[in-house]
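Visitor: Handing you this structure, nothing more for now.
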Amino acid sequence: MNINEIDQKISLVTYPCIFLYLLLTYKSDINDYNFSIILKLYLKNHIDLALNINLFDILYDDISDYPISLKILENFYNLIKKKYLLLCLIKKWHDIYDNNVFWNLNINDQIDYLIYLKNQFLSIFDCSKGGTPYHTKLINIFKSKKSRKDEIVENLIDRIILILKIFDYKIFQSLNIPLIKIYDFYNLDYKFYINYITTIFQKINKLIIDTLLLFENYNIICNKLNNLLNPKNIKINDCYIDNVFIC
14 MNINEIDQKI
24 SLVTYPCIFL
34 YLLLTYKSDI
44 NDYNFSIILK
54 LYLKNHIDLA
64 LNINLFDILY
74 DDISDYPISL
84 KILENFYNLI
94 KKKYLLLCLI
104 KKWHDIYDNN
114 VFWNLNINDQ
124 IDYLIYLKNQ
134 FLSIFDCSKG
144 GTPYHTKLIN
154 IFKSKKSRKD
164 EIVENLIDRI
174 ILILKIFDYK
184 IFQSLNIPLI
194 KIYDFYNLDY
204 KFYINYITTI
214 FQKINKLIID
224 TLLLFENYNI
234 ICNKLNNLLN
244 PKNIKINDCY
254 IDNVFIC
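Residue numbering for the sequence shown follows this note's numbering, starting at 14 and increasing by one per position.
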């Protein structure tokens, strides 16, 4: 019987708990490797049950002599735990990043989108391809006699508006970055401007880097889980396997 046949039969099992009982009943007739393959497909097709019941704890005594199968269960629950923790962190990003286009993308496209956002953000600070970021040059710009304060402030406001268009005010609020009215902004001193734009850069840049890493790690975990639950197309030769599929 090949993997696809077993996969299909397990997906059609009406009583997954009884199936598991029968699988344990015929365990001595199925070697550890083949048992682990069936277990993978069982987890794949009845994942809701596996999430509601800790099968590792329940089956531990019965399959403790099957190290491959036991390891499959251990890896499964470790990956599920990691996935859950990462999803909790992703939800925090979801709560502050209001962008339906982004949230409708698959995970790989979301990662590409975040890379694009990162480059957009860095370009506002003149450093998407390296070089000295805008905020570190600002003190010299203020000291320069070539530019008037109003011109510098207008340029600064334009950059902040671009950042707001990309990330929205919720990002600023979540990072405790105050939003200042344009009229009031003109009346501040150069030290404030430098500290303000530096804070924006440092906090949002860190947020983007952390978020990108978060989504990359989530993608890795999802791929590992997918690989675990989708074994390669091999043939299982144990003659007693058909006896398990009576439920």
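Glycine is no exception: its CB is placed at the ideal position from the N, C-alpha and C atoms.
Determine the burial state of LYS53: buried for a count of at least 16 other Cβ atoms within 10 Å of its Cβ, exposed for fewer.
Guide: So LYS53 counts as buried.
Visitor: Would you identify the three-state DSSP class for ASN8, choosing helix, strand or coil?
Guide: In this structure the chain extends from 14 to 260, so residue 8 is not present and cannot be described.
Visitor: Could you please give me the residues that DSSP links to SER141 through a beta bridge?
Guide: DSSP, once it has assigned bridges, lists GLY143 as partnering SER141.
Visitor: Quick one: which unbroken alpha helix (DSSP H) runs of 4-plus residues sit fully inside the segment 94-175? Chain order, please.
Guide: Listed in chain order, the complete alpha helix (DSSP H) runs (minimum 4 residues) inside the segment 94-175 are 113-116, 120-137 and 147-156.
Visitor: Give a yes or no on contact between the segment 175-189 and the segment 133-142, applying the rule of three or more CB pairs nearer than 8 Å.
Guide: Taking 8 Å as the limit for Cβ pairs, the verdict is that the segment 133-142 does touch the segment 175-189.
Visitor: How is the alpha helix (DSSP H) around LYS245 delimited, first residue to last?
Guide: No alpha helix (DSSP H) holds LYS245; DSSP gives it neither H nor E.
Visitor: Report yes if the C-beta distance between GLN133 and PHE228 is below 7 Å; otherwise report no.
Guide: Going by C-beta atoms, GLN133 is not nearer than 7 Å to PHE228.
Visitor: Between the segment 208-217 and the segment 180-193, do three or more beta carbon pairs fall short of 8 Å?
Guide: Enough Cβ pairs lie closer than 8 Å, so yes.
Visitor: Could you check how far apart the C-beta atoms of LEU238 and LYS96 are, in whole angstroms? I think they sit under 8 Å.
Guide: Right, the Cβ-Cβ distance comes to about 7 Å (below 8 Å), so this counts as a contact.
Visitor: Straight-line CA distance for TYR231 to ASN113?
Guide: Computed Cα separation, rounded: 19 Å.
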